[in-house]
Amino acid sequence: MLSISSARKTLNLVPTVLKAGYATAVSKTGNGVKVAAIDESSPTASVSLVINAGARFEPQGKAGIAHFVKNFGFKNNGKRSAFRIARETELVGGVLSANLGRENVTFTAECLKEDVPYFVEVFGDLVAQTKFAEHEFHGVAHEVAAEVSYAEASPEITVIEAAHNAAFRTGLGNSVYAAPYAEISTSDLKKFAADNFVANKIALVATGISEAELKNLANSAFSHVAAGSEAKAEGAKYYGGDVRVAQNTEAGHVAVAFQGAAAGTPEFYTAQVLRSLLGGDRFVKWSTAGVSPLSAAAGKIGHGAQISAFNFGYSDAGLFGIYAQADHKNIAEAAKTAVASLKAASKSVSADEFKRALAQAKFETAARYETRAASTEILAAQAIQGHKVSASESLAAFDKVSAADVSKFAAKLLSSKPTTVVLGRTSELPYGDALF
Amino acid sequence: MSGITLVNQVKASKFLSGVLQPVANAFVNAAGYRKLGLRYDDVLREETDIIREAVNRLPDNEGYERVYRMKVAFQYSLSHTIATKDATLKPEDDIRYLTPIIDEVAAEFAEKEDFNNIKSYSK
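Right, here's the structure in full:
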């Protein structure tokens, strides 16, 4: 955890690092695979295969198929068996992982620099030749079921998934976890792969290797991939609504969300500042009271209450909200205080508060460019959309945000129909409209 | 399956297949499994890791049909009869439904064996 003072120091260092080499041009291979790389001077590298076929692109009646696709990464393909991929990865000291988001399915390999060509080749085979064999499917289905039950047991995940579902219904409202009733077969998966594993929906994103080199590797490894066409998501429409999930939990959970802003838009930067302004994050480990309104409110309630703001940005929509967690006695008060803080922000934002929020939002954004997982994620989202925003450019975008913008944005949030999710002993939990 | 096989050479040569096909037919007849309604792949020795795994990987309906043929064969055996001429398995129905899977599994097992005995060297 970082204290405020060390955060400041890091922030001062950022611009020089940026000048050194954070240019993120998005180029394409011959058949349309987008390629982006950050060439940093470390002995290790990472390559990610990003397929623009996340949960929002699941066809009607096949909810959860993206989850199966994620878990089918690195399985038997025409060139190598799953066993061989696993062993060869171990032999070269690599780490493989798969990740599913609402927009993208991402497969990542972290390795020593000289082994990047091997993993790019594996990715090319994964896209073009994965067999989706029946006997492997049984194992994958078990993994999916285990992850689904993990998600069901986690109130935070359940609440955030329910909030997305109520806010967007279909598309972005699709859960990244397969539904318990998901009926997916290997032939569904083969069809989904044929439709979505096409060059125009794929981006190859890497750190620790130059973009020219990566493009060369991609050109040969992905030469057999059909070009296809770019993903067309049905535009996300915001609905809003109430969801009440009955679960026997210690603490009550309440999330109140509103229509936010799409990632990368000027409004999104405003939303980030508002998020930092409301706060709730702990910057000092084990601290019980912070300076932001939400952490002050949580500190006042005590008993382990946590209140924080969240801001999810997607390619064409966003979800901004407040998440409160406290024992059932205090949860209504916690949620009401949280909404009151948002209302206060919609009226006016003081210069001091704005300065703090801006600094925190900037630091968070810049810091994200410096960890591998986060910078890969940023790069992936940008590569898929074909536009590039460097860390310095996004910091510059923050400078255009004013305190008035922030309160105007807060007012705009409050004018959208709220999405309220409560989870816990529902009879003791507040109703959405009682919070305002 | 493992072992040296000249089956492709024999099939390719008109002369060799002309000579050996009748011998093969006579062998199958003498083996008698078709008279119990079984296919060749049903009588492969199941008690090996490879074949057990291959049987596990059969699609559901083929697995059920395999078990059904075996039950019928047991019944013939218990009642000391063999299938009537009509019920005897026809040569064209004697499909090698399991052999491709066995080959696949055998290749995977061999690969595993190779990796388990790998010697690493520096580049």
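As you go down the protein sequences, you meet chains A and B in turn.
Be aware that the first sequence starts at -18, since it is given in this note's numbering, and climbs by one per residue.
Be aware that the second sequence starts at 40, since it is given in this note's numbering, and climbs by one per residue.
Don't be surprised by glycine CBs; every beta carbon is placed ideally from N, CA and C.
What residue from S78/A, G294/A, G233/A and E21/A has the CA that sits closest to V140/A's CA?
Closest option to V140/A, Cα to Cα, is G233/A.
Examine chain B for any beta-carbon lying closer than 7 Å to the beta-carbon of T5/A, and answer yes or no.
Here T5/A scores only 48 on pLDDT, less than 50, and its place in the model should not be relied on; the value that follows carries that caveat. It does not; no Cβ of chain B falls within 7 Å.
For the region 10 to 84 of chain A, list the alpha helix (DSSP H) runs that are entirely contained and at least 4 residues long, ordered along the chain.
Here the runs fully enclosed are 46 to 52 and 63 to 72.
So with Cβ pairs under 7 Å, would you call R61/A a contact of chain B?
No, its Cβ sits nowhere closer than 7 Å to a Cβ of chain B.
Chain A beta carbons: is any one of them nearer than 7 Å to that of R96/B?
Cβ-Cβ to chain A under 7 Å: yes for R96/B.
Just grab the DSSP bridge partners of G260/A for me.
Note: G260/A sits in no beta bridge, so no partner.
Output yes if chain A places a C-beta closer than 7 Å to the C-beta of F148/B; else output no.
Taking Cβ atoms only, chain A never reaches closer than 7 Å to F148/B, which makes this a no.
Please report how far the alpha carbon of S327/A lies from the alpha carbon of R406/A, in whole angstroms.
Approximately 31 Å between the Cα atoms of the pair.
Run through chain B and tell me which residues come within less than 8 Å of H116/A, C-beta to C-beta.
Here the neighbours are N95 and R96.
Report yes if the CB atom of A362/A is closer than 7 Å to the CB atom of V254/A, and no otherwise.
No.
May I ask which residues mark the beginning and end of the beta strand (DSSP E) holding V86/A?
Residues V86 to L93.
Does DSSP classify L300/A as helix, strand or coil?
Strand at L300/A.
For the region 210 to 257 of chain A, list the alpha helix (DSSP H) runs that are entirely contained and at least 4 residues long, ordered along the chain.
Those alpha helix (DSSP H) runs which fall completely within the region 210 to 257 of chain A and span 4+ residues do not exist here.
Skipping 5 residues on each side, what residues in its chain have a beta carbon closer than 6 Å to that of T246/A?
For T246/A, where only same-chain residues beyond five positions count, there are no Cβ hits under 6 Å.
Output the distance between the C-alpha atoms of K112/A and G216/A, rounded to the nearest integer angstrom.
Rounded to whole angstroms, K112/A to G216/A spans 32 Å at the Cα level.
Check each candidate in T70/A, F417/A, S201/A and L360/A and name the one with the smallest Cα separation from T10/A.
Here the closest residue by C-alpha is S201/A.
Thinking C-alpha only, which one of D169/A, G75/A, N33/A and D414/A is nearest V86/A?
Of the candidates D169/A, G75/A, N33/A and D414/A, the one whose C-alpha sits nearest the C-alpha of V86/A is N33/A.
Does G294/A come out as helix, strand or coil in the three-state DSSP assignment?
DSSP places G294/A in strand when its eight states are reduced to three.
Counting only Cβ-Cβ distances shorter than 9 Å, please list the residues of the region 52 to 77 of chain A near chain B, keeping chain order.
So the list reads N57, S62, F64, R65, R68, E69 and L72, given in the order they occur along the chain.
Quick check: the region 114 to 128 of chain B against the region 66 to 76 of chain B, are there 3 or more CB pairs under 8 Å?
Flag = yes, the region 114 to 128 of chain B and the region 66 to 76 of chain B touch.
Can you check whether the C-beta of F154/B is within less than 7 Å of a C-beta belonging to chain A?
Judged by the 7 Å Cβ criterion, F154/B is in contact with chain A.
Specify, as a first and last residue, the run of the alpha helix (DSSP H) that A144/A falls within.
P136 to F149 is the span of the alpha helix (DSSP H), which, as asked, contains A144/A.
What is the DSSP secondary structure of G405/A, counted as helix, strand or coil?
It is a strand residue.
For F390/A and V330/A, what's the separation of their Cα atoms in angstroms?
Distance between the alpha carbons of F390/A and V330/A: 11 Å.
Going by the CB atoms, is the gap between G271/A and H288/A shorter than 7 Å?
A small correction: the amino acid at residue 288/A is Ile; His does not occupy that position in the sequence shown. No, these two residues do not count as a Cβ contact at 7 Å.
Within the same chain, show all residues whose beta-carbon is closer than 6 Å to that of D386/A, passing over the 5 residues directly before and after it, in chain order.
Correct list, in chain order: T251.
At which residues does the beta strand (DSSP E) containing I190/A begin and terminate?
Element bounds for I190/A: n/a, residue is neither H nor E.
If you follow the alpha helix (DSSP H) that A338/A is part of, which residue opens it and which one closes it?
Here the alpha helix (DSSP H) through A338/A covers A332 to R349.
Since A313/A and P411/A should fall inside the 8 Å C-beta cutoff, what is the C-beta to C-beta distance between them, to a whole number of angstroms?
Indeed, because the Cβ distance is near 4 Å, the residues count as touching under 8 Å.
From the DSSP output, in three-state form, read off P411/A for me.
Residue state, collapsed to three classes: coil.
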